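Protein chains in written order, with my numbering: chain A, 1 to 343; chain B, 1 to 228.
What follows is the structure in structure tokens.
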């Protein structure tokens, strides 16, 4: 378990690149310490701009971008310790993969031979002799991901949608590399709109709305993003009707969703506790004699989380309004309560 | 130095890829065919006509803007430099490597095109064939390097480095009207070295020096426009 540092390592203060201003995207405001953070949001919230700003690829026309106390645009030595992937891969189209990795290694100060091991660990050892011009967009993004995840002594690693449009590779190796970097004190940021990717790769989930972090939770407590939703499991079985019948009376299951039309082999169940739900499935599968093909936790969607956040904000507003109204009724001449936001 | 090496190697690979080499070969064939046609039409003055007209007037500028787009990549120069600058190299070092590769390939290509034009269109009024080809080759090399500097500087303008096309147009327009404007673009100096009208009454040696200066100054200006 990684202890998230409270000391900000990456600070974006009202930061906005020229391209963002042209696209009318909001300025970015965030401060993150060491750890693996999923920045959960949509492109219009600014998720696609963060990596370019943090990596010093794009300069901020206003505000500040600070990584480890320095500006990455103006400090090449700092950029050597920042790994990024962008929405559009930024790779040369000439030469072979091995040539590119050699150059990257030399620029970073390695001898170039250190690429063999990461390539093999990612399951991409056969890519060495491939031409860069032959790589598809997904393959180029995967190569960028490998290069970013293996940044030496990183201060920050910022990955843009690492689960989308990616060629097949050993994801566990990437996860391990990111965790190692975070343990060494790096701020790893995973910008994504997918709660599944966020839960898979990160240790905290930061909700980005219109350029600002509005809420954050440890990934273990991601159910708190949608209060009252509980936890959910998706189960794929050979005989769903029998499983549904067996689960219907289980006290651990508070909700059950199955449709005979469409994906008829998929059953979705909800409850308060993930372990209790899994045990309930095991009991039901055994008693009904069905074969479970897969069982996965169902993460809430981004829209669901957004709706819950709006509900929480509205509830907080109403609570504050009621408190203020009650205060005014009791002592009309008293000054208004503190401007501290309601907790 | 590592940034320069990475930029130069990437630029060199881009220039030596099969497709640009094939296009360069087509350009050489085109230069030879036009030179042959000029010689068939009128033998006297064929060398001057083909070099000042088709080869240096049209083919070399067009081929070199395509070469610059290929080597510096179809984007702004700072974005091209970010290929390796993101790993800790200075943008200026990487960009200098790319521009140097563009200059080398442009100089070689222009020298070959010029020499082929001189060899094929050789006429009785021209100096001996070998001397004529070698002289045209070094004029081509100088002109090519100056064009590469111009297009490298142009690539620092525009969202996708479209300034290089404005530089191409400016060379056509200014190089043809004479005066101070002509002295600032490679076309007029190349024409002077080939025996045409000199810009601002400069001698051929001065025009050659201006071409060298244009290559260096425009490259330095391009570097100055990039962040570290």
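Glycine included, each C-beta is placed from N, C-alpha and C at the ideal position.
In this text, all values refer to a predicted model and were calculated from it rather than measured experimentally.
* To do: Compare the C-beta of residue 107(A) with all C-beta atoms of chain B and state if any pair is closer than 7 Å.
  => If you number the first chain from 1, residue 107(A) lands on position 107. Yes, because at least one Cβ of chain B sits closer than 7 Å to the Cβ of residue 107(A).
* To do: Step through the CB atoms of chain A and report whether any lies within less than 7 Å of the CB of residue 229(B).
  => The structure shown does not extend to residue 229(B), since chain B is modelled only from 1 through 228, so no value can be given for it.
* Helix, strand or coil: which one does DSSP assign to residue 276(A)? -> Position 276 of the first chain holds residue 276(A). If DSSP states are grouped into helix, strand and coil, residue 276(A) belongs with the helices.
* Asked: Can the beta-carbon of residue 51(B) be found less than 7 Å from the beta-carbon of residue 31(B)?
  -> As a working mapping, residue 51(B) is identified with position 51 in the second chain. As a working mapping, residue 31(B) is identified with position 31 in the second chain. No, they are not a contact pair.
* **DSSP-derived helix/strand/coil call for residue 169(B)** => Here residue 169(B) is taken as the residue at index 169 of the second chain, counted from 1. Note: residue 169(B) maps to helix in three-state DSSP.
* Asked: What is the rounded straight-line gap between the Cα of residue 15(B) and the Cα of residue 291(A)?
  -> As a first step, residue 15(B) is located in the second chain; it is residue number 15 there, counting from the start. As a first step, residue 291(A) is located in the first chain; it is residue number 291 there, counting from the start. Each residue's Cα considered, the two are about 59 Å apart.
* Asked: At least one CB of chain B closer than 7 Å to the CB of residue 88(A): is that the case?
  -> Position 88 of the first chain holds residue 88(A). So, not an interface residue.
* Please report how far the alpha carbon of residue 29(B) lies from the alpha carbon of residue 136(B), in whole angstroms. => Along the second chain, read from residue 1 onward, the residue named residue 29(B) stands at position 29. Along the second chain, read from residue 1 onward, the residue named residue 136(B) stands at position 136. About 17 Å.
* **Proximal residues, the stretch 58-86 of chain B versus chain A, C-beta separation under 7 Å** => 82, 83, 84, 85 and 86
* Asked: Looking at the C-beta of residue 73(A), does it have a partner C-beta in chain B at a distance below 7 Å?
  -> To locate residue 73(A), count along the first chain from 1; it is residue 73. So yes, residue 73(A) belongs to the interface.
* Span of the beta strand (DSSP E), counted from its first residue to its last, around residue 293(A) -> As a first step, residue 293(A) is located in the first chain; it is residue number 293 there, counting from the start. 292-297 is the span of the beta strand (DSSP E), which, as asked, contains residue 293(A).
* **Proximal residues of chain B, C-beta to C-beta of residue 79(A) below 9 Å** => Mapped onto the first chain, residue 79(A) falls at position 79. By Cβ distance, chain B contributes 85, 86, 87, 88 and 89.
* **Ranges of the alpha helix (DSSP H) found wholly within the stretch 173-242 of chain A, counting only runs of at least 4** => 195-201
* **Below-7 Å beta-carbon distance, residue 63(A) vs any chain B residue** => Numbered from its first residue, the first chain carries residue 63(A) at position 63. It does not; no Cβ of chain B falls within 7 Å.
* Do residue 421(A) and residue 227(B) have their C-beta atoms within less than 7 Å of each other? -> Because chain A is modelled from 1 through 343, residue 421(A) falls outside the range shown and cannot be assessed.
* Asked: Which runs of the beta strand (DSSP E) spanning at least 3 residues fall entirely within the stretch 91-157 of chain B, listed in chain order?
  -> none
* Since residue 21(B) is in the beta strand (DSSP E), which residue starts that stretch and which ends it? -> What you label residue 21(B) is simply residue 21 of the second chain in a count that begins at 1. Taken as a continuous stretch (DSSP letters only), residue 21(B) belongs to no beta strand (DSSP E), being part of the alpha helix (DSSP H) at 18-41.
* Taking the C-alpha atoms as reference points, what is the distance between residue 24(B) and residue 67(B)? -> If you number the second chain from 1, residue 24(B) lands on position 24. If you number the second chain from 1, residue 67(B) lands on position 67. Straight-line Cα distance between these residues: approximately 9 Å.
* Identify which residue in 92(B), 89(B), 160(B) and 184(B) has its Cα closest to the Cα of residue 170(B). => On the second chain, residue 170(B) is found 170 positions in, with the first residue counted as 1. When each option's Cα is compared against that of residue 170(B), the closest is 184(B).
* **Ranges of the beta strand (DSSP E) found wholly within the stretch 50-104 of chain A, counting only runs of at least 3** => 60-67 and 82-85
* **Three-state class that DSSP yields for residue 15(B) in the structure shown** => Residue mapping note: residue 15(B) aligns to position 15 of the second chain, counting from 1. Looking at residue 15(B) - three-state DSSP - the assignment turns out to be helix.
* Asked: Does the Cβ of residue 64(B) have 16 or more other Cβ atoms within 10 Å, making it buried, or fewer, making it exposed?
  -> Taking the first residue of the second chain as 1, we reach residue 64(B) at position 64. By the 10 Å Cβ count, residue 64(B) comes out buried.
* To do: Specify the secondary structure class of residue 29(A) as computed by DSSP and reduced to three states.
  => Position 29 of the first chain, counting from 1, holds the residue named residue 29(A). In this structure, residue 29(A) counts as strand in the three-state DSSP scheme.
* Through-space distance from residue 299(A) to residue 251(A), alpha-carbon basis -> For this step, residue 251(A) is matched to residue 251 along the first chain. For this step, residue 299(A) is matched to residue 299 along the first chain. Rounded to the nearest angstrom, the two C-alpha atoms are 22 Å apart.
* Asked: What are the boundary residues of the beta strand (DSSP E) that includes residue 160(A)?
  -> Within the first chain, residue 160(A) is the residue found at index 160, counting from 1. Counting along the chain, the beta strand (DSSP E) containing residue 160(A) begins and ends at 156-160.
* State yes or no: is the beta carbon of residue 104(A) nearer than 7 Å to at least one beta carbon in chain B? => The residue labelled residue 104(A) in the question sits at position 104 within the first chain. By this cut-off, residue 104(A) is an interface position.
* To do: Using only alpha-carbon positions, find the residue among 213(A), 170(A) and 151(A) that is nearest to residue 188(A).
  => Working through the first chain from its first residue, we reach residue 188(A) at position 188. Ranking the options by Cα distance to residue 188(A), first place goes to 151(A).
* Asked: Which term fits residue 24(A), buried or exposed, when burial requires 16 or more other beta carbons within 10 angstroms of its beta carbon?
  -> Here residue 24(A) is taken as the residue at index 24 of the first chain, counted from 1. Residue 24(A) is exposed by the Cβ-count criterion.
* To do: From the DSSP output, in three-state form, read off residue 110(A) for me.
  => Along the first chain, read from residue 1 onward, the residue named residue 110(A) stands at position 110. DSSP places residue 110(A) in coil when its eight states are reduced to three.
* To do: Kindly list, in the order they appear in chain B, the residues whose Cβ is closer than 9 Å to that of residue 91(A).
  => Against the first chain, residue 91(A) aligns to sequence position 91. Per Cβ cutoff of 9 Å: 83.
* **Cα-Cα separation, residue 141(A) to residue 48(B)** => Residue 141(A) sits at position 141 when you count from the first residue of the first chain. Residue 48(B) sits at position 48 when you count from the first residue of the second chain. About 52 Å.
* If you check the beta carbons only, do residue 71(B) and residue 107(B) fall under 7 Å apart? -> Reading the second chain from its first residue, position 71 is the one you call residue 71(B). Reading the second chain from its first residue, position 107 is the one you call residue 107(B). Result no, Cβ atoms of residue 71(B) and residue 107(B) do not sit closer than 7 Å.
* Rounded to the nearest angstrom, how far is the Cβ of residue 31(A) from that of residue 63(A), given a contact under 8 Å? -> Position 31 of the first chain, counting from 1, holds the residue named residue 31(A). Position 63 of the first chain, counting from 1, holds the residue named residue 63(A). Not quite, the Cβ-Cβ distance comes to about 12 Å (not below 8 Å), so this is no contact.
* Asked: Using DSSP with H/G/I as helix, E/B as strand and the rest coil, what is residue 141(A)?
  -> As a first step, residue 141(A) is located in the first chain; it is residue number 141 there, counting from the start. Three-state DSSP puts residue 141(A) in a helix.
* Which residues share a DSSP beta bridge with residue 267(A)? -> Taking the first residue of the first chain as position 1, residue 267(A) is located at position 267. Answer is 235(A), bridged to residue 267(A).
* To do: State the Cα-Cα distance for the pair residue 122(A) and residue 137(A), rounded to the nearest angstrom.
  => Counted from its first residue, the first chain places residue 122(A) at position 122. Counted from its first residue, the first chain places residue 137(A) at position 137. Our two residues, residue 122(A) and residue 137(A), have alpha carbons roughly 18 Å apart in a direct line.
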